Amino acid sequence: MHDILIKNGTIIDGTGEKKYEADIAINDGKITEIGELSGDSAREIIDAQGLCVTPGFIDISNRSDTRWRLFKDPHLESLLYQGITTIIGGNSGVSLAPIYNENMLQSMRKWIDISNVNVNWQTVGDFLDVIEKHRISVNFGMFVGYGTLRRGIVGDDSRDLTDTEQISIKKHINEGLQQGAFGVSTGLIYSHERDIKTDELIQVAKIVAKKKALYVAHLRNEGDKLLESIDEALEIHKDSKVRMHISHLKAAKKENWSQMEEALKKIDKTNILFDIYPYTFSTTVLYTLLPNWVSDGGKRMMLERLRNKKLRKQVVDEMDQGIDLSHVMVAHTLRSSYFCGKTFAQIANTQNSTVNNAVIDVLLASEGQVNVFLENISAENIVKGLQSSHSVISSNGVGYSINSRNECMEHPRSFGAFPRIFSQYVVKENILEIESAVYKATGKVAQELQIEDRGILKSGLVADIVIFDLNNFNDQSTLEQPYKYATGVQSLIVNGQMAMKYGKYTGIRSGQVIRK
């Protein structure tokens, strides 16, 4: 007798090969048979007639760790309802390990109030052990955040590393990779990594390459200098011979949308993959929309400059020459929810002020800790990205439960990125074959991460499986009402345990820590 028997399903196995009809038997957390098993019995029988049976989705770009959701809400239900069974944290240069001094915690300050954070680990190994004991609902793996590492050494300084500091960085990278991290991520858009020279990044990439790990690049610029940033990534890739992945590729701002095609052509000449999420609006840290010099030296220096009347005027004048922030919406602040859901045009109107002055006022009122939404991505470019043979699917989101809703806003990708791919681009627009969409969410990601025991449906591999109704697999979350679970997942199996049954979360938290 099997533990679980999935009968009559349409198998899409995560390899990109054509779908087929078959049954799947699960025992002791593993897939043990795939075929015609109608005469077999099981403790749990799932009738998947008319349903898709695929590997659980692997989200290579997830932020549930640095948003502290792994600890605040280990159920992470918004991910389960999307069919996600594995998430990878430590993205965009920020990770929760290693943490060996207070400076390293500052990297998370743009997303959470670190005064409420309790850290009882130092190394990557220690952190993964803590997560294992904490029991979360999905599998978890991680990258080491280079920004976190570097900040632990130089603090708020923007300068080159000394020879001694480079040796220390190398030691911590090697330790993190030896203890199970899948690679190292950078976040060159953020103030503490923005001034890092390409040569330094090449040296980091060489360390990663020697460990046969993954170098995950958040590009230095996703707007006016997108192509130059792609060229930099390609230079790092070529000189170091590292396996490289580009985080959530996009051409930001309408005037830059035409660059996407050239960016894809450049990537097509390499073996580099990138991830993409299916929304035309993104979220970012507000200070990244200011002139770069304003945030040099970190948050304290930025706030001092903004409080200086002469410098404030200079900031406003330079902002006048940049992008129009009128329709940018405040998503989250750490000090007051009053601004959440309001555009800067609305805030300026209530304050009888200008938009750029309102931006500065909100930053000052929130001690610089503000996240915003902005409509800056081309729908056509999303299609081009999804159709690229170099793309995989991600959420770049965070795991939530509906009960965790608050007055601040959350990006709908945290609740609906994966089902939106299927409903919008497989069913409605028919620009992706379902086999390709599943491959980009499962087997292709597992190959990128070099995870060998899951990501495809095959006898002997771990039973991470999602069973969904393709015609009803839809995202429900919107910008105005984000806290809504996706629909369509009938059953979700994580490490052979039923995380979802009859379309509802069971409360079983059977996620495991995955180490490279």
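Numbering of the sequence shown is given in this note's numbering, commencing with residue 149 and proceeding in unit increments. All C-beta atoms in this analysis are idealised placements derived from N, C-alpha and C, irrespective of residue type, glycine included. Predicted model, so just to flag it, every value in this text is computed and none were measured.
As a beta-bridge residue in DSSP terms, I615 pairs with V201 and S639. Around the C-beta of S186, fewer than 16 other C-beta atoms lie within 10 Å, and the residue is accordingly described as exposed.
Taking C-beta atoms under 8 Å as the contact rule, E323 and T271 qualify, at a distance of about 6 Å.
Listed in chain order, the non-local C-beta contacts of G445 below 6 Å within the same chain comprise D304, local neighbours out to five positions each way being set aside.
Residue state for L580 is assigned as coil, using DSSP reduced to three classes. Counting of Cβ neighbours within 10 angstroms places S571 among the buried residues, the total reaching 16 or more.
With fewer than 16 other beta carbons inside 10 angstroms of its own, R283 counts as exposed. Within the same chain, Cβ atoms closer than 7 Å to the Cβ of K588 are found at S539, V540 and I541, the five residues on either side in sequence being excluded. Going by DSSP, Q595 is part of the alpha helix (DSSP H) stretching over G591 to L597. Within the same chain, Cβ atoms closer than 6 Å to the Cβ of I615 are found at A196, L199, V201, Q638 and S639, the five residues on either side in sequence being excluded. In this structure, K592 sits near L421, with a CB-CB distance shorter than 9 Å.
Under DSSP, Y653 shares a beta bridge with M648. The residues S212, R217, L224, S226 and L227, in chain order, have a CB closer than 6 Å to that of G547 in the same chain once the five nearest residues on each side in sequence are set aside.
Less than 9 Å separates the beta-carbon of D171 from that of E184. Taken through DSSP and simplified to helix, strand or coil, T296 comes out as helix. Within the stretch 472-526, the complete alpha helix (DSSP H) segments of 4 residues or longer fall at 492-498 and 503-513, listed in chain order. G324: member of the alpha helix (DSSP H) spanning D311 to Q326, first to last residue.
DSSP, read as helix, strand or coil, puts D188 in coil.
The Cβ neighbour count for T233, taken over all protein chains shown within 10 Å, is at least 16; the residue is labelled buried. In this chain, the beta strand (DSSP E) harbouring F429 covers F429 to V433.
For M392, the enclosing beta strand (DSSP E) starts and ends at R391 to I394.
Taking one beta carbon from each stretch, the stretch 394-401 and the stretch 490-500 have fewer than 3 pairs nearer than 8 Å; the two do not touch. Rounded to whole angstroms, N578 and G516 show a C-alpha spacing of 43 Å.
Here V442 is actually not in contact with L473; their C-beta atoms are around 14 Å apart, not less than 8 Å.
Secondary structure of I154 (DSSP, three-state): strand.
Linking A479 to L627 through their CA atoms gives a straight-line distance of about 10 Å. For D468, the enclosing alpha helix (DSSP H) starts and ends at K457 to D468. Between I471 and K167, the C-beta spacing is not below 9 Å. The alpha-carbon separation between I525 and L375 amounts to approximately 16 Å. The Cβ atoms of V661 and I279 sit closer than 9 Å to each other.
Each of G295, L382, D387 and T310 was checked against the Cα of R342, and the nearest Cα belongs to G295. For the 9 Å CB-CB criterion, I160 and V586 form a contact. If you look at N251, you'll find it isn't in any beta strand (DSSP E); it sits in the alpha helix (DSSP H) that goes E250 to L253. Taking all protein chains in view, the Cβ of T498 is surrounded by fewer than 16 other Cβ atoms within 10 Å, so the residue is classified as exposed. A residue is called buried when at least 16 other Cβ atoms come within 10 angstroms of its Cβ; E410 does not meet this threshold and is exposed.
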